[in-house]
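S.K.: To start, I am sharing the structure in question, which I have written as structure tokens.
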């Protein structure tokens with residue numbers, strides 16, 4: 282049984298690529314697992330870790346965790362309207378990466394869009410900018 286007070290063990294691909302200390306920080310609000318949404322997404326998905334594999338997607342994580350997202354945003358998503366959905370999408374993307382060491386391309390693109398929304402809404406927070414840079418440089 283996993284201790285819910287700690288982050289679940291990260292896949293080696295995750296720890297090799299995502300090296301900033303905030304990726305292990307559950308108290309930094311702008312870290313993937315520091316917000317309540319990020320923490321809950323990771324903890325809930327970790328319960329299904331053995332069902333997640335190299336073919337799993339960000340959409341699968343959103344479904345498993347029953348994330349309350351509204352759906353697809355249009356070509357010019359408003360940060361004010363979509364920042365809550367964006368928070369869950371980023372959390373699901375980094376959860377998938379942490380647990381499986383991979384991410385589907387559609388999920389990666391959606392997570393990058395979500396990070397843009399969060400950056401527009403919250404400003405140039407260093408953790409958000411670093412997540413975007415790290416996700417952009419991720420090689421499948």
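Residue numbers (the numbering used here): 282 to 421.
A virtual CB, placed ideally from N, CA and C, is assigned to each residue, including glycine.
Every value quoted in this text rests on a predicted model; they were computed, and no experiment measured them.
1) Could you give the distance in angstroms between the alpha-carbon of residue 289 and the alpha-carbon of residue 372?
2) Kindly list the residues whose CB is nearer than 7 Å to the CB of residue 309, restricted to its own chain and excluding five residues on each side of it in sequence; keep chain order.
3) Residues in the same chain with beta-carbon distance under 8 Å from residue 391, minus the five sequence neighbours each way, listed in chain order, please.
4) If residue 381 sits next to residue 337, beta carbons under 8 Å apart, how far is it from one beta carbon to the other, in whole angstroms?
5) Sorted by chain position, which residues of the same chain lie with C-beta nearer than 6 Å to residue 379's C-beta, five sequence neighbours on each side aside?
6) May I have the straight-line CA-CA distance separating residue 325 from residue 368, to the nearest angstrom?
7) Roughly how far, in whole angstroms, is the beta-carbon of residue 393 from the beta-carbon of residue 420, given that I think they are within contact range, below 8 Å?
8) Rounded to the nearest angstrom, what separates residue 397 and residue 321 at their Cα positions?
9) Might you give, ordered along the chain, the residues of its own chain that have their beta carbon closer than 7 Å to the beta carbon of residue 283, omitting 5 neighbours on each side?
10) Helix, strand or coil: which one does DSSP assign to residue 419?
11) Report the three-state DSSP secondary structure of residue 341 (helix, strand or coil).
12) With distances taken Cα to Cα, identify the nearest neighbour of residue 347 among 331, 318, 335 and 362.
13) Sorted by chain position, which residues of the same chain lie with C-beta nearer than 6 Å to residue 366's C-beta, five sequence neighbours on each side aside?
M.R.: According to the data block:
1) 14 Å
2) 303, 315 and 408
3) 339, 370 and 374
4) 6 Å
5) 291 and 295
6) 16 Å
7) Not really, about 14 Å apart at Cβ, beyond 8 Å.
8) 22 Å
9) Bear in mind that the predicted position of residue 283 carries a pLDDT of just 49, short of 50, making it unreliable; the figure below should be weighed with that in mind. 289 and 327.
10) coil
11) helix
12) 318
13) 350 and 351
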